[in-house]
Amino acid sequence: SDATAHKKRTFRKFSYRGVDLEQLLDISSEEFMKMVTCRARRKFKRGLKRKPMGLIKKLRIAKQQAPENEKPAAVKTHLRSMIIVPEMIGSIIGIYNGKTFNQVEIKPEMIGHYLGEFSMTYKPVKHGRPGMGATHSSRFIPLK
Numbered sequence: 024s025d026a027t028a029h030k031k032r033t034f035r036k037f038s039y040r041g042v043d044l045e046q047l048l049d050i051s052s053e054e055f056m057k058m059v060t061c062r063a064r065r066k067f068k069r070g071l072k073r074k075p076m077g078l079i080k081k082l083r084i085a086k087q088q089a090p091e092n093e094k095p096a097a098v099k100t101h102l103r104s105m106i107i108v109p110e111m112i113g114s115i116i117g118i119y120n121g122k123t124f125n126q127v128e129i130k131p132e133m134i135g136h137y138l139g140e141f142s143m144t145y146k147p148v149k150h151g152r153p154g155m156g157a158t159h160s161s162r163f164i165p166l167k
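Our numbering numbers the first residue of the sequence shown as 24 and each following residue consecutively.
Now the structure itself:
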């Protein structure tokens, strides 16, 4: 049992649809387009407009200016409908949720998802006592 206790833990190697992370970063956008879901494929096929390209450009600049082995500066954006591509991995993006910018670090597992999925627009309901007007019987509670 000593041999099994001291066995080095191996981490799961990340792959997106059977393609390793290193290969993902090297493939062309056309090759990547074939791998994503049909909704994302349609979006890429219709062309990346000026704003998404501007975001990718800003992320590139932030990565280049970051010191070695440190996280790049956050880039704020309202583009919640942007699909995460392999080039964005490691970047920090402030995603607008209608009120504030939530800082999110892009991880390999997020590829193919939308930015908006990682910044909630609402606060989950915390149920307490029912308030005024919740039910018909609450009408008859005398006002203190």
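The beta carbon of each residue, even a glycine, is placed where N, CA and C say it ideally should be.
Original post:
Within 10 angstroms of its Cβ, does SER52 collect 16 or more other Cβ (buried), or is it exposed?
Top reply: On the sequence shown, position 29 is the one that residue 52 refers to. Flag for SER52 reads exposed.
**OP:** Evaluate the contact criterion for the region 100-114 versus the region 132-144: three or more CB pairs, one atom per stretch, below 8 Å.
**Re:** Look at the beta carbons and you see the region 100-114 touching the region 132-144: at least three pairs across the two are nearer than 8 Å.
**OP:** Can you tell me which of the three DSSP states SER52 falls into?
**Re:** Working through the sequence shown from its first residue, we reach residue 52 at position 29. Residue state, collapsed to three classes: helix.
Original post:
Between the Cα of LEU125 and the Cα atoms of ILE116, PRO147, MET76, which residue gives the shortest distance?
Top reply: If you number the sequence shown from 1, residue 125 lands on position 102. Here residue 125 turns out to be Asn, not Leu, going by the sequence shown. Nearest of ILE116, PRO147, MET76 to ASN125, Cα basis: ILE116.
**OP:** May I ask which residues mark the beginning and end of the beta strand (DSSP E) holding ILE118?
**Re:** Here residue 118 refers to the residue found at position 95 of the sequence shown. Looking at the DSSP string, the run of the beta strand (DSSP E) that includes ILE118 is 115-119.
**OP:** Take GLY113 and list the residues in its own chain whose beta-carbon comes closer than 8 Å to its own, dropping the five residues that flank it on each side.
**Re:** Sequence index remark: in the sequence shown, residue 113 carries index 90 (1-based). So the list reads LYS86, LYS94, PRO95, GLU128, ILE129, once near-sequence residues are dropped.
Original post:
Is the beta carbon of PRO131 sitting closer than 9 Å to the one on LEU78?
Top reply: Counted from its first residue, the sequence shown places residue 131 at position 108. Counted from its first residue, the sequence shown places residue 78 at position 55. Not in contact: PRO131 and LEU78 (Cβ atoms no closer than 9 Å).
Original post:
Can you tell which of THR158, PRO75, GLU91 has its C-alpha closest to the C-alpha of GLU110?
Top reply: For this step, residue 110 is matched to residue 87 along the sequence shown. GLU110 has its Cα closest to that of PRO75, out of THR158, PRO75, GLU91.
**OP:** Go through the region 33-115 residue by residue and report every complete run of the alpha helix (DSSP H) that reaches 4 residues or more, in order.
**Re:** Entirely contained in the region 33-115, the alpha helix (DSSP H) runs reaching 4 residues are, in chain order, 44-49, 52-58, 61-68, 73-88.
**OP:** Taking only the alpha-carbon atoms, compute the straight-line gap between LEU47 and LYS72 and give it to the nearest angstrom.
**Re:** For the purposes of this step, residue 47 is taken as the residue at position 24 of the sequence shown. For the purposes of this step, residue 72 is taken as the residue at position 49 of the sequence shown. Each residue's alpha carbon lies about 22 Å from the other.
Original post:
Quick one: is ILE84 buried, meaning 16 or more other Cβ sit within 10 Å of its Cβ, or exposed?
Top reply: Locating residue 84 in the sequence shown gives position 61, counting from the first residue. Answer is exposed; the Cβ neighbour count stays below 16.
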